Amino acid sequence: MEEGEDAVAVIGIGCNFPGGEGLDNFWKVLVDGKNCSVPIPRERFDVASWYDPDDNKAGKSRTARAALIDGFNEFDHKFFGISDSEVEQMDPQQKQLLQCVYRALEDAGVPMEDASGTRTGVFFGLMNRDYETNAAHVHPSVINHWTGTGLAMSIAANRVSYIFNFTGPSLSIDCACSSSLVALHLACQSIKQGDCDMAVCGGVSCIIEPRVFVALSKAKMISPDGTSKPFTTKADGYGRGEGCGVLLLKPLQKALRDHDHIWGIVSKTAVNQDGHSVTPITKPSRTQQEDLLRRIYSESDLVSVQYIEAHGTGTPAGDPTEAESISNVIAKAKPPGSGTLWIGSVKSNIGHTESAAGVAGLIKVLLMMKHQTIVPSVFYSEESASIDAKELKIEIPRAAERWHASGARVAGVNNFGFGGTNAHAIVKQYKQNNPERKHDGKQAKYFVMSANSLKSLTLTTEDTIRHLEMNNGVNLDSLVYTSACRRSHLKHRYRKAIVVSALDDLQEKLKASVGKNISPSFSDPHLVFVFCGNGVTYHGMCRQLLQKEPFFRNKIKEIAQLYQRLSPLNILDTLACESEFSNNSPQVVQPLLFAIQVGINALLNQWGVKPDAVLGHSVGEIAAAHCSGLLSLEDALKVLHFRSTLQTKVAGGKMLVVSNMSVSDVTAHLPKYSGKLCLAAFNSPQSCTISGDADAIDSLHRELRTSANTQSLFLRVLDVPAAYHSHMMDPILAEVKGRIGSLQINNINTELFSTVTGNKVHGNDFCNGEYWARNIREPVAFEQAGVKSDSLKWKPLSYFNSKKLMLLTLDKDGGHELSDIPIMPTKKQLFKKRAVYIVAGGLSGLGFETVKFISQRGGEYVVILSRSKPSPDVEQEIDNVEKQCRNCITAMECDVSVSESVNKVVSAIGQKFPGCPIRGVFHSAVVLHDGLIETLDLSLYEKVFRPKSINWGALNLGLLLNKEHFQRFLEAKGMMVLDVPEIHKSLEQCLVLNRPQQAVCRFHFRNIRYNILSQNVALTNRLSELVNEAFQKSKDSEQAKETQAVSPREYVISLLSETIGMDRSELRDESPLSSLGIDSMQAMTIQNLIFQEKGVNLPLVKLLDPNATISTVIGLLSEEDQSGYSSHIEVTVPDGDANDISTRL
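The letter at position 433 of the sequence shown is residue 433 when you use full-length UniProt numbering, and the numbering goes up by one with no holes.
Pasting the structure below:
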């Protein structure tokens, strides 16, 4: 049976039937042959008042049992945005439908945000008005404006359309017990006619009203014991059941294009009516049932069909009639050798769910196809059979059996209404080909979860753990893909991402995360893309994107082809070239940066990541203008070509970045360099770039480096060929204006800010040569433009200048993988690829931290030298670092104090890593010669310091310094402990500064002043001026803060709100710091800010204490004895006399 062009696929299922919510519980009921009939609980109605076994008693039900779902009225109304007052008036059937629609979307991997606004139709069958009947007896004072929508049958479908923002047809259907399969029929017809692109369909029934039991009892339709026993002599009426089932439908061809999971294909559907062929109206008509089947089954269908899910309610009249019609039209018409026709009925398991019966039977069939198993029909046996199965050429399963099939499995589903409306559907199994995809085992994988509350996130985590424990055959790549791309995350406030390497690793990390608090994400976050300027190119940038992302490569190719009309430079070939390009000319660098940034923007847009605003830094404005929609690609490349080409005409000069110093303080140095230096860029209130003559830049560099106010000053001379944004650009400005001329203005699709004007785009900004001449010459108003975007409640969350971007990538074949995508470095790349870095004494302590430091920052080959072999524990640690950093770490035995041993190991390194030069050596081996500071002389100083380039204070690397009493001892002596993150950060700064001798320590000057200097004459002579100066700064800072009269609580709340991005109203005194998502790096930031602004050094261990709350921080700030001053002190030892020590705070 071939699928037609208009075949409809089932891509998602949501259900809640007796035996437990969800497909797994429903399948367990089916395969175990369980019957779910239970005594009706008092919460539904008072059975004692309504039940009587005597059928002749008026107003009584002949049964006190039914198959019921658990928690039928439990509903997370806030999840669906429904108010407390509205939910009180809602029919439980509406609640069940909302939940099952969500489950169907979730099962299909269609996020709510993706489904929203689509032309999705809604077709639901429901017949019972229990809630409405019940409401007729309430006091009129209870009725409010929600009552109408809460009771109306039409709203059952319409509310789903409203909540999920579906815009296709939306209708509720009542044709009694065939309602849900008629809903399927109408949904398929609507899709085929083009009325909707997708559809949700199904049915629901809830039991809360005893009067229906009375009516069915008087009609002798329901069984006294509350069970359906189809096709048996014990059949005495049906047992009532309740439940809800929902299917998500999509055209088969579209489902295949979208790489959806396909449960099965609805090949054909049909509906007819008994008319007046039988009397009374409730009597089933064999002739009309047969007519329905003859119309739907072709000869090929008769060959293929293997199973019929019968209506099979368990009534003495209905079952034999249905069995005969199935036999006459299908079983006896099947050609010889086409196999046995099985029939069964789900009503033996969950009772007759009335308006949900048809969809319950269909979901049962789809589950049997998935598990390749035909499930038993409960209560049936050959001895108790009410039909002659052999004569009818049918078979009814008595136990679970393997569903053997040479091709796709095919089944039919019957569904009849007691008013004579009959429906049938033919369903075919779809066998998907999922070839195994090879993935890099070292590649990082990310499993992501989200929920609307911490409780929901915990429940989801626990549910995932259970799922993984029961299903060890889960494909990890498919799982992480589904978690990221096929789940709703957008509106969820609580989110969790876990780096995983294998399924057992995921299970362990999920178990470890249960119960841990996490902070809510930003509500309605806005995204700003910032496009960078010169100075950040490096060899191999974006090579992975070019290799693995066809969309990105095609965008680069498009840009390259257009640009070659203007310039001989081939952008694509240059980026893809294996050999390192050394040309830092603007006419090479700037086109590469433009192409990369436009390509990344296009790729992110294609993935659904779109900015709310864009802005560019210097030459980055060209990419920003194009990505906003203002400039066409052709015009942007025209600007790029003339800007970069003309800038090659000017050369010389230098540019200096100055950070951690107010811009006003920096510019105060400039008057003496009038005509030689310019302010080139406002990067932030504490960072700017100076540009101009080379000798003037060198002079200013020296001046700032040796000034008194350089406590944490950062100075960097940029690697650029000319002094951009300075007077050195003046000779080309007129030509820039003329060559670029006027440009076409297009409609903006993303908000654009100018870093020339510092404002939102206005008038002819970006669209003429005058503007681009200003872009070259005037200071980059980056800080001003950032402030303007911030005033619109936008935060620059994505700066296109980061070394790695962890993103999910999809290929055209629907495969998926998580990749580390190199883009651009934020700062100097400390470690080169294809190079060896040696760490002497690297098996423990600071040495091994150095190994990790190099590995985490791109060091490809690391060699550890030690006099002994690594222990098994250390080998395991090395292996863990290699897996995490994807590099190679080798341990070699060597005594670095013996030249023969060093020569031998250097030779071995050359043989092991051919073509990879040794680029760096880190000495972590210790020369111990302890002694009192006042007794040290120059020879001892040189002996200890000779092998060192960076010298460390107290480092928290082992068990000893983890002891709180030892930390307190050191603090009392004035020495504060440096933790590992601080060590790494300081080491990185030292490598960037690249000075011959540096020391990194943290001192507590108050304690030094009172506990050390007062008792030690030698230290007083050497350090008193330094310590007293620092201590005085501390007191001045405290006095200045005290005059502002800000309470500790107000200060802490404000600080945390700004630091972690949470609204102040969400920060309560009792909130644990761990629940706010504060990690060690954020804790350090908070610690540093408090110290800088309050002069109080809060111990990091206090901030990271799991029991610490906001009140803890407030209390620590309020204590009077926290007035000490502590800071990093860097001691720079220049070449020459070791006693000539200049100290920089």
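A virtual CB, placed ideally from N, CA and C, is assigned to each residue, including glycine. Computed from a prediction, not measured in an experiment: that's the story for all the values here.
Going by the beta-carbon positions, is the gap between Leu-98 and Phe-124 smaller than 8 Å? As a first step, residue 98 must be located in the sequence shown, where it is residue number 98. As a first step, residue 124 must be located in the sequence shown, where it is residue number 124. Their beta carbons are not under 8 Å apart, which means Leu-98 does not touch Phe-124 by this criterion.
Along the beta strand (DSSP E) that carries Cys-888, what are the first and last residues, could you check? Mapped onto the sequence shown, residue 888 falls at position 888. Per DSSP, Cys-888 belongs to the beta strand (DSSP E) from 888-893.
With a threshold of 16 other CB atoms inside 10 Å of the CB of Glu-875, please say whether the residue is buried or exposed. Sequence index remark: in the sequence shown, residue 875 carries index 875 (1-based). Exposed, because fewer than 16 other Cβ atoms sit within 10 Å of the Cβ of Glu-875.
Report yes or no: do three or more beta-carbon pairs, one from the stretch 20-38 and one from the stretch 66-85, lie closer than 8 Å? yes
Considering only DSSP beta bridges, list what Val-906 is partnered with. As a working mapping, residue 906 is identified with position 906 in the sequence shown. Val-906 is not bridged to any residue.
Start and end residues, alpha helix (DSSP H) containing residue 1176: This structure gives no information on residue 1176, because the portion of the chain shown stretches from 1 to 1145.
Determine the contact status of Val-8 and Val-266, defining contact as a CB-CB distance below 8 Å. Counted from its first residue, the sequence shown places residue 8 at position 8. Counted from its first residue, the sequence shown places residue 266 at position 266. Contact: yes.
Beta-carbon within less than 7 Å of Asp-182's beta-carbon, same chain only, minus the 5 sequence neighbours each way: which residues are those? Translated into positions along the sequence shown, residue 182 becomes position 182. For the record, residue 182 in the displayed sequence is Val; it is not Asp. The answer, listed in chain order, is Gly-125, Ile-173, Cys-175, Val-271, Thr-421, Ala-423.
I need the boundaries of the beta strand (DSSP E) containing Asn-919, first residue and last residue. By 1-based counting over the sequence shown, the position of residue 919 is 919. Reading off the sequence shown, one finds Arg at residue 919, where the question assumed Asn. Unbroken beta strand (DSSP E) run through Arg-919: 918-923.
Candidates Val-862, Arg-857, Val-836: closest to Gly-842 by CA position: For the purposes of this step, residue 842 is taken as the residue at position 842 of the sequence shown. The residue with the shortest Cα to Cα distance from Gly-842 is Val-862.
Nearest CA to the CA of Asp-225: which residue from Ser-61, Lys-737, Ala-108, Thr-120? In the sequence shown, the residue the question calls residue 225 occupies position 225. Of the listed residues, the one whose Cα sits closest to Asp-225 is Ser-61.
Please list, in chain order, all residues of the same chain as Lys-428 whose beta carbon is under 7 Å from its beta carbon, the five residues on each side excluded. Counting from 1 along the sequence shown, the entry for residue 428 is found at position 428. Same-chain partners within the cutoff: Met-1, Gly-264, Ile-265, Ser-267, Ala-408, Val-410.
Rounded to whole angstroms, what is the Cα-Cα separation between Pro-1106 and Lys-760? Mapped onto the sequence shown, residue 1106 falls at position 1106. Mapped onto the sequence shown, residue 760 falls at position 760. One C-alpha to the other measures close to 44 Å.
Give the DSSP-derived three-state secondary structure of Leu-631 in the structure shown. Locating residue 631 in the sequence shown gives position 631, counting from the first residue. DSSP places Leu-631 in coil when its eight states are reduced to three.
Kindly give me the distance between the Cβ atoms of Ala-357 and Ser-180, rounded to whole angstroms, as I take these residues to be in contact under 8 Å. Your numbering for residue 357 matches position 357 in the sequence shown. Your numbering for residue 180 matches position 180 in the sequence shown. Yes, they are in contact, since the Cβ atoms of Ala-357 and Ser-180 sit about 7 Å apart, within 8 Å.
Once DSSP output is grouped into helix, strand and coil, what is the label at Ser-513? The residue given as residue 513 occupies position 513 in the sequence shown. Correct three-state label for Ser-513: helix.
When you compare only the Cα positions, how much space is there between Leu-1100 and Ala-908? Within the sequence shown, residue 1100 is the residue found at index 1100, counting from 1. Within the sequence shown, residue 908 is the residue found at index 908, counting from 1. The straight-line gap from Cα to Cα measures roughly 43 Å.
Output yes or no for whether 8 Å exceeds the beta carbon distance between Lys-28 and Asn-349. For the purposes of this step, residue 28 is taken as residue 28 along the sequence shown, with counting starting at 1. For the purposes of this step, residue 349 is taken as residue 349 along the sequence shown, with counting starting at 1. Lys-28 places its beta carbon 8 Å or farther from that of Asn-349.
Helix, strand or coil for Tyr-238 per DSSP? The sequence position of residue 238 within the sequence shown is 238, counting from 1. Strand, per DSSP.
Applying the 10 Å Cβ sphere with the 16-neighbour rule, what's the burial state of Ile-13? For the purposes of this step, residue 13 is taken as the residue at position 13 of the sequence shown. Under this definition Ile-13 is a buried residue.
Leaving out the 5 sequence neighbours to the left and right, which residues in its chain are closer than 8 Å to Gly-339 when beta-carbon positions are compared? The residue labelled residue 339 in the question sits at position 339 within the sequence shown. Contacts found: Gln-306.
For Ile-374, the residue or residues it bridges with in DSSP: Here residue 374 corresponds to residue number 374 of the sequence shown, with the count starting at 1. Glu-401, per the DSSP bridge assignment.
Supposed contact pair Gly-629 and Ala-623 - C-beta distance, whole angstroms, cut 8 Å: Here residue 623 is taken as the residue at index 623 of the sequence shown, counted from 1. Here residue 629 is taken as the residue at index 629 of the sequence shown, counted from 1. Not really, about 12 Å apart at Cβ, beyond 8 Å.
Answer with buried or exposed for Ser-355, where buried requires no fewer than 16 other C-beta atoms within 10 angstroms of its C-beta. The residue given as residue 355 occupies position 355 in the sequence shown. Buried, by the Cβ-count rule.
Would a C-beta distance cut-off of 8 Å place Asn-887 and Phe-782 closer than the cut-off? Looking up residue 887 in the sequence shown gives position 887. Looking up residue 782 in the sequence shown gives position 782. It is not a contact, given that the beta carbons lie outside the stated cut-off.
Own chain partners of Pro-376 with C-beta closer than 7 Å, once the 5 adjacent residues on each side are dropped: As a first step, residue 376 must be located in the sequence shown, where it is residue number 376. Result list for Pro-376: Gly-33, Pro-397, Arg-398, Ala-399, Ala-400, in chain order.
For Ala-48, which of Ser-37, Arg-65, Leu-640 has the nearest alpha-carbon? Position 48 of the sequence shown, counted from the first residue, corresponds to residue 48. Answer by Cα proximity: Arg-65.
Alpha carbon of Leu-105 to alpha carbon of Ile-163, nearest angstrom: Along the sequence shown, read from residue 1 onward, the residue named residue 105 stands at position 105. Along the sequence shown, read from residue 1 onward, the residue named residue 163 stands at position 163. Rounded to the nearest angstrom, the two C-alpha atoms are 13 Å apart.
N-terminal and C-terminal residue of the beta strand (DSSP E) that Met-449 is part of: Position 449 of the sequence shown, counted from the start, is the residue given in the question as residue 449. Looking at the DSSP string, the run of the beta strand (DSSP E) that includes Met-449 is 445-451.
Give me the Cα-Cα distance between Ile-838 and Leu-718, rounded to the nearest whole angstrom. Your numbering for residue 838 matches position 838 in the sequence shown. Your numbering for residue 718 matches position 718 in the sequence shown. Ile-838 and Leu-718: Cα-Cα distance of roughly 28 Å.
Just mark Ser-85 as buried or exposed, buried being the case when its beta carbon has 16 or more other beta carbons within 10 Å. Residue 85 sits at position 85 when you count from the first residue of the sequence shown. Looking at its Cβ environment, which holds fewer than 16 other Cβ atoms inside 10 Å, Ser-85 is exposed.
Name the two residues that bound the continuous beta strand (DSSP E) containing Arg-716. Counting from one through the sequence shown, the residue named residue 716 turns up at place 716. Going by DSSP, Arg-716 is part of the beta strand (DSSP E) stretching over 714-717.
Check whether the stretch 233-253 touches the stretch 203-217, counting contact only when three or more Cβ pairs, one atom from each stretch, lie closer than 8 Å. yes
What separation, rounded to the nearest whole angstrom, lies between the Cα atoms of Ser-687 and Val-787? What you label residue 687 is simply residue 687 of the sequence shown in a count that begins at 1. What you label residue 787 is simply residue 787 of the sequence shown in a count that begins at 1. Distance between the alpha carbons of Ser-687 and Val-787 is about 14 Å.
Spatially closest choice to Leu-566 from Thr-645, Val-530, Phe-529, Thr-890, by CA coordinates: On the sequence shown, residue 566 is found 566 positions in, with the first residue counted as 1. Among Thr-645, Val-530, Phe-529, Thr-890, the Cα nearest to that of Leu-566 belongs to Thr-645.
Whole-angstrom C-beta distance between Leu-656 and Thr-706, which should lie under 8 Å: Within the sequence shown, numbered from 1, the residue matching residue 706 stands at position 706. Within the sequence shown, numbered from 1, the residue matching residue 656 stands at position 656. The pair is not a contact, with the Cβ atoms about 15 Å apart (cut-off 8 Å).
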